[in-house]
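J.: Here you go, one structure.
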Ligand code: URP
Ligand code: ZN
Ligand code: ZN
């Protein structure tokens, strides 16, 4: 048996903060005891990690990533190897990625393809949601067995991207009805893609080809309308609903109203919507392409509404929607036609630190930081308490976090396989010093000690966040 003690840190979970030592046995947390207490002093250990002056927090749980996603005629530039390593550098120790059902194929085929990409390559633990791009009778049956086995207990549908991932309302309703029975959580990309495609065509015909028009045609109203429709469809089906990458204040208002009505409706936002805006999309010389994602960045005023939603729990989760494309050769595919810019931003390495900056800035409390970035994502997607907290029996996925370290975010120093940073030059206070995945130190003081293949596939329970 291997025993490690983390000594002298401030343990921060979603529920409490305490000066405690943490005992790890064989990759799991065995006990916590007040620092200096006779119980803690009595522990013997093979390894002692000093954490004085640091926080000891659960490893981040990022439930929305797209490693190696084929999209827009190219593929997201992070592999499972590079992307999970970068995640760990940023204090994230679990990801849940999206396996894509090929149109005309089965969910099984999609999952097999994603297992093949991930297995043996991940530095941290990982799970899969399934993107359902073709709802039919056999797919509905597959959903049942995937939920039963825990291989994939959540399913993303798209009201956007006609001809790619899009599902019409009837297909969405059928999938929701199935989720209502089998317990699978429906995740929704809520944008009215049919209307957006009309506006795209009109904008291009009028010579509006610059990246900033991506933000203009993907109108806020079309996110709010789709969010409203998704909520109503879920209500008809009697199923819970998780709306991904919420960016518009009016879409958030739809979620808040539904939650006030007592519905099991949940929302996630992402750092790009909290820290970036349409000002970035309007950067000259095609630089705005770096910020093209969907839902799009919104005018700055929306940021305040999103922060408020995180404080009031109308939004429960911050994930990254990490979907990186290099500027050179990938984003550039859309020069002269913004609709050909591959959609997505890098961020898996930055999320924990950006959110810690919000703690420093007084926007959210330390415990809320852990709640929205670790505990609730784990609960929402059936990983709790194995992931997302520090408690006896949990996996020892831990971050010893230096709250005073100052860093300047840059593509020159980040570990994501992408040639730019969406947060280039931004100064942040706070950084992961030591990262453990199931008790193994993968990062220590700027030294990478992890390995591809350490990360294991996670079977998951159904949503543990229902009221
Ligand atoms: O722009 C984005 N979000 N790209 C990834 C695919 C998606 O819709 O999540
Ligand atoms: Zn989406
Ligand atoms: Zn996504």
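Residue numbers (full-length UniProt numbering): 1 to 467. Quick reminder that beta carbons are idealized off the backbone N, C-alpha and C, glycines included.
Helix, strand or coil: how does DSSP classify residue 203 here?
T.: Reduced to three states, the DSSP call for residue 203 is helix.
J.: What first and last residue would you give for the beta strand (DSSP E) that runs through residue 364?
T.: That residue, residue 364, is in no beta strand (DSSP E); it is neither H nor E in DSSP.
J.: I'd like the list of long-range same chain contacts for residue 61, defined as Cβ closer than 6 Å, with 5 residues on each side in sequence excluded.
T.: For residue 61, where only same-chain residues beyond five positions count, the Cβ hits under 6 Å are 94, 374, 377, 378, 387, 388.
J.: What are the partner residues of residue 75, as DSSP defines its beta bridges?
T.: Residue 75 is bridged to 70.
J.: Would you decide whether residue 330 is buried or exposed? Buried here means 16 or more other CB atoms lie within 10 Å of its CB.
T.: Per the 10 Å Cβ criterion, buried.
J.: Would you say residue 293 and residue 316 are within 8 Å of each other, going by their C-beta atoms?
T.: No, they are not a contact pair.
J.: For the candidate residues 26, 15, 48, whose alpha-carbon lies nearest to that of residue 400?
T.: Answer by Cα proximity: 48.
J.: Would you mind reading off the limits of the alpha helix (DSSP H) that contains residue 110?
T.: Counting along the chain, the alpha helix (DSSP H) containing residue 110 begins and ends at 107 to 118.
J.: So the candidates are 190, 239, 410; which of them puts its Cα closest to the Cα of residue 182?
T.: Selected option, being the one with the closest Cα: 239.
J.: For a quick check, are the C-beta atoms of residue 223 and residue 251 less than 8 Å apart?
T.: A contact, by the Cβ cut-off of 8 Å.
J.: Return the chain-ordered list of same chain residues with a C-beta closer than 7 Å to the C-beta of residue 466, the five sequence neighbours on each side being excluded.
T.: Excluding residues within five positions, the ones whose Cβ falls inside 7 Å are 240, 264.
J.: State the start and end residues of the unbroken beta strand (DSSP E) segment that holds residue 65.
T.: From DSSP, the beta strand (DSSP E) with residue 65 extends over 60 to 65.
J.: At what residues does the alpha helix (DSSP H) containing residue 213 begin and finish?
T.: Segment 212 to 217, the alpha helix (DSSP H) holding residue 213.
J.: For my contact list, residue 247 and residue 278 are in at a C-beta cut-off of 8 Å; report their separation, rounded to the angstrom.
T.: Rounded, the Cβ-Cβ distance is 10 Å, inconsistent with contact.
J.: Just to confirm, is the Cβ distance from residue 325 to residue 74 under 8 Å?
T.: Taking 8 Å as the Cβ cut-off, residue 325 and residue 74 qualify as a contacting pair.
J.: Please check the pair residue 56 and residue 10, which I expect to be a contact at CB under 8 Å, by giving their CB distance rounded to whole angstroms.
T.: 7 Å between Cβ atoms; contact.
J.: Could you check whether residue 8 and residue 435 sit closer than 8 Å to each other, using their CB atoms as the reference points?
T.: No, they are not a contact pair.
J.: Buried or exposed: residue 245, going by 16 or more other Cβ atoms within 10 Å of its Cβ?
T.: Answer is buried; the Cβ neighbour count reaches 16.
J.: Kindly identify the DSSP beta-bridge partner or partners of residue 3.
T.: Answer by DSSP bridge pairing, in chain order: 25.
J.: Taking 6 Å as the limit, tell me which residues put their C-beta closer than that to any heavy atom of ligand 3, in chain order.
T.: Result (chain order): 64, 66, 321, 323.
J.: Quick one: which unbroken alpha helix (DSSP H) runs of 4-plus residues sit fully inside the stretch 315 to 361? Chain order, please.
T.: For the stretch 315 to 361, whole alpha helix (DSSP H) runs of length 4 or above, ordered along the chain, are 351 to 360.
J.: Within 8 Å (strictly less), CB to CB, does residue 328 reach chain B?
T.: The chain inventory of the structure shown lacks chain B, comprising one protein chain alone.
J.: Would you check whether ligand 2 has a heavy atom nearer than 7 Å to the C-beta of residue 132?
T.: Residue 132: no, Cβ never under 7 Å from ligand 2.
J.: Is residue 293 near ligand 1, going by C-beta to nearest heavy atom under 7 Å?
T.: Yes, ligand 1 has a heavy atom inside 7 Å of this Cβ.
J.: Mind checking whether the beta-carbon of residue 245 lies closer than 7 Å to any heavy atom of ligand 2?
T.: Yes.
J.: Nearest CA to the CA of residue 29: which residue from 463, 437, 445, 452?
T.: The candidate whose alpha carbon is nearest that of residue 29 is 437.
J.: Helix, strand or coil for residue 508? Go by DSSP, reduced to three states.
T.: The requested residue 508 does not occur in the structure, where the chain is confined to residues 1 to 467.
J.: Between residue 397 and the rest of its own chain, which residues show a CB-CB distance below 7 Å, the 5 nearest in sequence each way excluded?
T.: For residue 397, where only same-chain residues beyond five positions count, the Cβ hits under 7 Å are 58, 59, 93, 94, 387, 436, 437, 438.
J.: Rounded to whole angstroms, what's the CA-CA distance from residue 229 to residue 418? Just pull it up for me.
T.: Rounded to whole angstroms, residue 229 to residue 418 spans 36 Å at the Cα level.
J.: What first and last residue would you give for the alpha helix (DSSP H) that runs through residue 445?
T.: Residue 445 -> no alpha helix (DSSP H), and no H or E assigned at all.
J.: Can you list, in chain order, the residues of its chain whose CB lies under 8 Å from that of residue 356, leaving out five sequence neighbours each side?
T.: Cβ within range, chain order: 369, 401, 403, 428, 429, 430.
J.: Please work out which residues of its chain come closer than 6 Å, Cβ to Cβ, to residue 100, disregarding the five sequence neighbours upstream and downstream, and give them in chain order.
T.: Taken in chain order, the residues that qualify are 110, 131.
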